[in-house]
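Written out below as structure tokens is the structure these notes cover.
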Amino acid sequence: MRVRTRVAPSPTGAPHIGTAYIALFNRAFAKHHGGQFILRIEDTDQVRSTPESETAIFEALRWLGLDWDEGPDIGGSCGPYRQSERTALYREHVDRLVTSGHAYRCFCTSERLAALRLTQEANQERIGYDGHCAGLDAGDAAQRVAAGEAHVIRLRTPQEGVCQIADRFRGTIEIAWETVDDQILVKADGFPTYHLANVVDDHLMEITHVIRGEEWISSAPKHLLLYEAFGWEPPVLAHLPLLRNPDKSKLSKRKNPTSILYYRQAGFLPKALINYLGLMAYRPEGDLEMFDFDTMVASFDLDRVHLGGPIFDIQKLRAFNGHYIRELEDVDLLATLKGWLLQDASLLELVRMAQPRLEQLADFVPMTAYLFADQIPLDPADIDQAGKDSGKAAAWIQFVQWEFARLGDWDADGVRDCFNRVAEREGVKFKLLLGVFFRVFSGRAVALPLFEALVWLGRDMTLRRLHYAQEALREAGLGLSGKALKRLEKWYQERYLREGGEDG
Ligand code: GLU
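In terms of the numbering used here, the sequence shown opens at residue 171 and continues consecutively.
If you want it as structure tokens, here you go:
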């Protein structure tokens with residue numbers, strides 16, 4: 171059987187552990203069949219996609235050993251592999267659909283759509299497009315386009331009957347067509363949406379099996395309709411179960427670290443992560459728990475994929491990781507540690523930060539130790555009191571968290587600006603604010619220079635520490651209630667994003 175699979179992440183934010191999970195299954199399946207595994211970057215969201223995020227995806231997947239046979243950085247016979255470089259192709263394809271009547275131009279303004287939504291809400295009807303432009307005469311529509319009228323292109327969707335989706339893992343899934351919207355295929359700015367680009371690319375890249383997360387099941391009817399409209403054979407669809415937090419909710423960074431780069435910095439081994447992610451939906455023959463990628467490839471069989479809500483439990487992952495660490499020869503462990511944070515380049519940065527503060531060489535290790543840890547001991551009462559007014563610290567941590575998450579480049583100036591903005595907006599002295607954060611990050615009132623230290627720590631680990639601090643405060647009854655968090659969210663929107671969003 172000829173097999174071509176792909177993983178198609180969107181380069182927004184930190185590289186997600188879910189991307190590694192999907193990549194792993196696609197790669198294992200392709201390798202088992204001697205096929206190809208492709209990396210495609212789905213950057214149709216021009217606002218949220220960034221080159222940094224794309225680079226981080228490459229880095230994170232390579233670190234895990236999930237290399238690809240074709241992709242944006244290495245090319246291949248079906249490129250380009252970045253959707254933003256394929257817009258002409260989508261244009262050409264959507265024109266075909268408009269000509270054949272499978273898609274139509276829609277001129278509805280955002281005001282009309284907003285009013286429609288309000289009415290549907292008031293009448294407790296299904297929220298969705300009402301087909302207002304579906305019946306427009308094609309000639310009239312073409313004239314309006316020629317006159318420069320703004321429009322989108324929508325997929326003409328049946329109103330009745332059911333769509334049957336053949337899912338390789340789940341059997342037939344039925345979705346009533348009346349619940350499927352006339353999906354926008356091309357936005358007013360001429361850019362395609364995920365659905366159009368995804369289907370066109372899967373076809374042109376000759377993808378035979380689409381193994382992806384179950385959150386895409388509801389998109390499948392639109393995709394199948396597109397394949398039919400183009401007259402193409404759809405690939406095999408196989409939807410993997412979503413990773414979940416231990417409380418069964420969808421894996422989210424509020425509860426679990428989701429960035430692959432966090433796991434690297436926190437000292438998890440690629441082997442352990444691969445094994446654990448594999449186990450989320452797979453067991454090789456003999457029901458082995460411990461297996462490596464090659465074992466997974468050798469025995470890979472879609473029939474062995476199990477769907478029962480996989481729980482991604484970081485404590486279990488730690489146990490796996492410990493197992494793999496103990497398996498290493500001592501010299502290999504030493505090499506692993508050196509390849510981790512004990513390499514010269516990162517040590518040199520620490521040496522520079524520590525030098526002005528050292529009186530004895532023996533000060534170096536204790537002075538820098540907190541930067542190597544994942545979780546450090548925290549004193550929540552001390553953190554809270556450093557904010558002077560009880561409860562302030564928790565709010566500031568939250569603001570800094572939001573600021574860090576949306577900061578562009580992770581450098582000392584950027585980090586300082588975030589603290590500055592929070593100090594300014596909250597009307598607190600900079601020094602007092604930093605006092606809180608020294609404690610949050612180092613567990614002490616005095617430590618290495620804060621901004622440089624955080625740059626060294628990296629964004630993902632820094633965000634994790636903020637999370638630990640929030641947890642410690644919450645456990646001590648000094649944290650934010652759900653209600654307070656909502657209030658802060660609103661305040662943040664108004665005071666940081668709307669008013670002063672452009673100043674940093
Ligand atoms: N760009 C989508 C994502 O971010 C791809 C979904 C798919 O595999 O079709 O996951």
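All residues carry an ideal CB built from backbone N, CA and C; glycine is no exception.
Counted as a single uninterrupted DSSP element, the stretch harbouring Q334 is not any alpha helix (DSSP H) but the beta strand (DSSP E) occupying residues V332 to D337. In this structure, DSSP gives E212 a state outside helix and strand, which the three-state scheme calls coil. L604 has its alpha-carbon roughly 34 Å from the corresponding atom of K420. When rounded, the separation of the alpha-carbon atoms in L643 and Q568 is 12 Å. Here the C-alpha atom of H302 lies approximately 13 Å from the C-alpha atom of V322. Here the alpha carbons of H393 and I377 stand approximately 14 Å from one another.
Residue range G341 to A346 is occupied by the beta strand (DSSP E) that includes E344. Linking L395 to H272 through their CA atoms gives a straight-line distance of about 9 Å. Rounded to whole angstroms, the separation of the alpha carbons of D583 and M466 is 45 Å. Distance from G241 to I208 at the Cβ level is roughly 6 Å; contact confirmed, criterion being Cβ atoms closer than 8 Å. In this structure, the C-beta of S180 approaches ligand 1 to less than 7 Å from one of its heavy atoms. Under the three-pair Cβ rule at 8 Å, the segment 485-493 does not count as touching the segment 512-521.
For N368, the Cβ falls inside the 7 Å cut-off from some heavy atom of ligand 1. Buried is the label assigned to F461, since at least 16 other Cβ atoms lie within 10 Å of its Cβ.
Secondary-structure assignment with DSSP links H263 through no beta bridge to anything. Rounded to whole angstroms, the gap between the alpha carbons of D464 and R256 is 34 Å. Beta-bridge analysis with DSSP links Y274 to R324. Where H365 is concerned, there is no enclosing beta strand (DSSP E), although the alpha helix (DSSP H) around it starts and stops at Y364 to L374.
Per DSSP, the continuous beta strand (DSSP E) segment holding L410 begins and ends at V406 to L410. Given a length threshold of 4 residues, each whole run of the alpha helix (DSSP H) inside the segment 380-450 is given here in chain order: 390-400, 430-435 and 440-449. P185 sits close to I227, with the two beta carbons spaced by under 8 Å. In this structure, Y364 has its beta carbon less than 7 Å from a heavy atom of ligand 1.
In this structure G341 is exposed. Its beta-carbon is surrounded by fewer than 16 other beta-carbon atoms within 10 angstroms. The alpha-carbon of R275 is positioned some 8 Å away from that of A304.
In chain order, V585, C588, R629, T632, L633 and L636 place their CB closer than 8 Å to the CB of F574, counting only its own chain and leaving out the 5 sequence neighbours on each side.
Bounds of the beta strand (DSSP E) holding I354 are I354 to V356. If you keep only unbroken alpha helix (DSSP H) runs of at least 4 residues inside the segment 450-512, you get 463-469, 484-497 and 500-509. Separation of S280 and Q294 (C-alpha to C-alpha, rounded to the nearest whole angstrom) is 21 Å. A distance criterion of 7 Å places the beta-carbon of E212 in contact range of ligand 1, judged by its closest non-hydrogen atom. In the structure shown, T220 adopts coil according to DSSP, grouped into three states. Following the DSSP letters along the chain, one finds V350 in no beta strand (DSSP E), marked with neither H nor E. Rounded to the nearest whole angstrom, the C-alpha separation of Y299 and D352 is 6 Å. Here R174 is buried. Its C-beta has 16 or more other C-beta atoms within 10 Å.
Rounded to the nearest whole angstrom, the CA to CA distance from L498 to L507 is 11 Å. With the rule of 3 Cβ pairs closer than 8 Å, the segment 538-556 counts as touching the segment 596-612.
For V598, there is no enclosing beta strand (DSSP E), as DSSP marks it with neither H nor E.
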